[in-house]
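Q: In this note's numbering, the protein residues as written are 889 to 1090.
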Amino acid sequence: MILPDGYSDVAAGKVASVVTCLEMRARPPRRAERPDPPFTLRRVPVPEAAWYRDLYARVGTEWLWFSRLRMPVAELEAVIRHPDVEVYALSAGGRDEGLLELDFRDPGECELAFFGLTTPLLGQGAGRLLMNRAIDAAWARPIRRLWVHTCTIDHPGALAFYRRSGFVPYARRIEIADDPRLTGLAPREAAPHVPIIEAGDP
Ligand SMILES: CC(C)(COP(=O)(O)OP(=O)(O)OC[C@H]1O[C@@H](n2cnc3c(N)ncnc32)[C@H](O)[C@@H]1OP(=O)(O)O)[C@@H](O)C(=O)NCCC(=O)NCCS
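#1: Locate the alpha helix (DSSP H) running through Glu963, then write down its first and last residues.
#2: Shortest alpha-carbon distance to Leu1010 belongs to which of Leu978, Arg1021, Arg1051, Cys1039?
#3: Enumerated in chain order, which unbroken segments of the beta strand (DSSP E) with a length of 3 residues or greater are wholly contained in the segment 994 to 1024?
#4: State the start and end residues of the unbroken beta strand (DSSP E) segment that holds Tyr976.
#5: Whole angstroms are fine: how far does the CA of Met912 sit from the CA of Arg1033?
#6: Does the Cβ of Leu891 have 16 or more other Cβ atoms within 10 Å, making it buried, or fewer, making it exposed?
#7: Please name the residue in Trp951, Lys902, Leu957 whose C-alpha comes closest to that of Ala1078.
#8: Run the proximity test for Ala1046: is its beta-carbon closer than 6 Å to any non-hydrogen atom belonging to ligand 1?
#9: In the DSSP assignment, find the unbroken alpha helix (DSSP H) run with Val934 in it and report its ends.
#10: Taking the alpha carbon of Val907 as the point to measure from, which residue in Ser896, Ala1059, Asp991, Arg941 has its own alpha carbon closest?
#11: Let's test the definition: count the other Cβ atoms within 10 Å of the Cβ of Ala1001 and tell me whether it reaches 16, buried, or not, exposed.
#12: Which residue marks the beginning of the beta strand (DSSP E) containing Arg1052, and which one marks its end?
#13: Starting from Trp1035 and walking both ways along the beta strand (DSSP E), at which residues does that stretch end?
#14: What does the alpha-carbon distance come out to for the pair Gly948 and Cys909?
#15: So does Asp1042 have its beta carbon nearer than 6 Å to some heavy atom of ligand 1?
#16: Among the residues of its own chain, which have a CB less than 6 Å from the CB of Val932, if the five just before and after it don't count?
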């Protein structure tokens, strides 16, 4: 559906974001990484739902990521253990602090499905390391296209970071969803950059 020009009302209790769709159709030139990274990356071949959800929530609660928190365990494990899905964890100080998920289930394509760091790790070079490994792993398979969506609720630097990484914007969408802070999937104090609007608010 194409929204008309002008304002469109969003119901109380919902969140709305502008989504930018980005893609790369060839492997980009490699960007430099910090030379002495105190981080390691490992593939997690058979992720446990509880481990995955803990990391997903520590990375994503601040940005209102919720889709994987409401999935039943069996459904979640069917995705993250699928042979065409690759899950990686970035560790710092002995703890998993970054999540990368690549989804190759559509032939010839790869979705950068989840990509992020916990807040204490931002701005230290871990994002560039994670992206370089993501690009290596994606283009190691016979794909024609690597794509990602980012939205205005995500970290404000994410879109520019993706563009510097070689992704090109090609579409824009509006996404509306129940506010996860009102459905119990996220704490009420999460994501203060996106105020909660409830029925009955002035
Ligand atoms: C998107 C995201 C991963 C970017 O991470 P980041 O912490 O800004 O990434 P970095 O610090 O690695 O990168 C920033 C730049 O600083 C550089 N840098 C940072 N610290 C450095 C250091 N100590 N030495 C050398 N270079 C360094 C990086 O190389 C990079 O340079 P470049 O982009 O010009 O190549 C991060 O914002 C994030 O996880 N956000 C939360 C989740 C999110 O919103 N994800 C996107 C949703 S789709």
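Beta carbons: idealized from backbone N, C-alpha and C, even for Gly.
A: Once the coordinates are examined:
#1: The residue you call residue 963 lines up with position 75 of the sequence shown. Unbroken alpha helix (DSSP H) run through Glu963: 961 to 968.
#2: Walking along the sequence shown from the start, residue 1010 turns up at place 122. Considering only alpha carbons, the answer is Leu978.
#3: 997 to 1005
#4: Taking the first residue of the sequence shown as 1, we reach residue 976 at position 88. Unbroken beta strand (DSSP E) run through Tyr976: 973 to 980.
#5: To locate residue 1033, count along the sequence shown from 1; it is residue 145. To locate residue 912, count along the sequence shown from 1; it is residue 24. Looking at the two C-alpha atoms, the distance is approximately 6 Å.
#6: Your numbering for residue 891 matches position 3 in the sequence shown. Exposed, by the Cβ-count rule.
#7: One-based indexing of the sequence shown puts residue 1078 at position 190. The residue with the shortest Cα to Cα distance from Ala1078 is Trp951.
#8: Taking the first residue of the sequence shown as 1, we reach residue 1046 at position 158. Yes, ligand 1 has a heavy atom inside 6 Å of this Cβ.
#9: Along the sequence shown, read from residue 1 onward, the residue named residue 934 stands at position 46. Where Val934 is concerned, there is no enclosing alpha helix (DSSP H), given that its DSSP letter is neither H nor E.
#10: Here residue 907 is taken as the residue at index 19 of the sequence shown, counted from 1. Looking at the Cα atoms, Ala1059 is the closest of the given residues.
#11: Residue numbering aside, residue 1001 sits at position 113 when the sequence shown is read from its first letter. Ala1001 is buried by the Cβ-count criterion.
#12: Position 164 of the sequence shown, counted from the first residue, corresponds to residue 1052. Where Arg1052 is concerned, there is no enclosing beta strand (DSSP E), although the alpha helix (DSSP H) it sits in stretches over 1046 to 1052.
#13: The residue you call residue 1035 lines up with position 147 of the sequence shown. Trp1035 -> beta strand (DSSP E) spans 1033 to 1039.
#14: Within the sequence shown, the letter at position 60 stands for residue 948. Within the sequence shown, the letter at position 21 stands for residue 909. Distance between the alpha carbons of Gly948 and Cys909 is about 19 Å.
#15: Along the sequence shown, one-based indexing puts residue 1042 at 154. Result yes, Cβ under 6 Å from ligand 1.
#16: Here residue 932 refers to the residue found at position 44 when the sequence shown is read from its first residue. These residues qualify, in order along the chain: Val975, Ala977.
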